[in-house]
Amino acid sequence: MSSRTTCSSVTRSVSTPRTTQTSKRRKPKMARYDLYGDDGSVEGEQCPRCGDTFLADHGDRQHCGQCGYTEWA
Numbered sequence: 001m002s003s004r005t006t007c008s009s010v011t012r013s014v015s016t017p018r019t020t021q022t023s024k025r026r027k028p029k030m031a032r033y034d035l036y037g038d039d040g041s042v043e044g045e046q047c048p049r050c051g052d053t054f055l056a057d058h059g060d061r062q063h064c065g066q067c068g069y070t071e072w073a
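At position 56 of the sequence shown (counting the first as 1) the number is 56 in full-length UniProt numbering, and the numbers step up by one without a gap.
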């Protein structure tokens with residue numbers, strides 16, 4: 001009688017090709033002179049709901065990007 005030997009299932013990791021890392025675009029920070037006056041006071045209006053963020057001026061309205069508060073002109 002001949003006996004056959006079967007190979008046991010061998011697990012091996014398949015290596016995938018590495019992807020190249022793309023450089024992330026970094027948003028430039030706002031200049032300090034755009035936010036504050038010469039004496040250090042805040043020129044833009046701050047959000048009454050959040051308190052620590054500025055309201056963006058869109059001409060007909062002012063909008064807070066953090067909480068969604070909107071003042072219509």
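Glycine included, every Cβ here is placed at the ideal spot set by N, Cα and C. Since this is a predicted model, take the numbers as computed values, not measurements.
Looking only at its chain, what residues have a beta carbon closer than 8 Å to the beta carbon of residue i, apart from the 5 residues adjacent to it on each side?
i: Arg-61; result: Thr-70, Glu-71, Trp-72 and Ala-73
By Cβ distance, which residues of its chain are closer than 7 Å to residue i, with the 5 residues on each side in sequence left out?
i: Cys-67; result: Cys-47, Arg-49 and Cys-50
Rounded to the nearest angstrom, how far is the Cβ of residue i from that of residue j, given a contact under 8 Å?
i: Gly-37; j: Glu-43; result: 5 Å
Excluding five sequence neighbours on each side, which residues of the same chain lie with their C-beta closer than 6 Å to the C-beta of residue i?
i: His-63; result: Ala-56 and Thr-70
Using the three-state DSSP reduction, which class does residue i fall into: helix, strand or coil?
i: His-63; result: strand
i: Glu-43; result: coil
i: Ala-73; result: coil
i: Asp-57; result: strand
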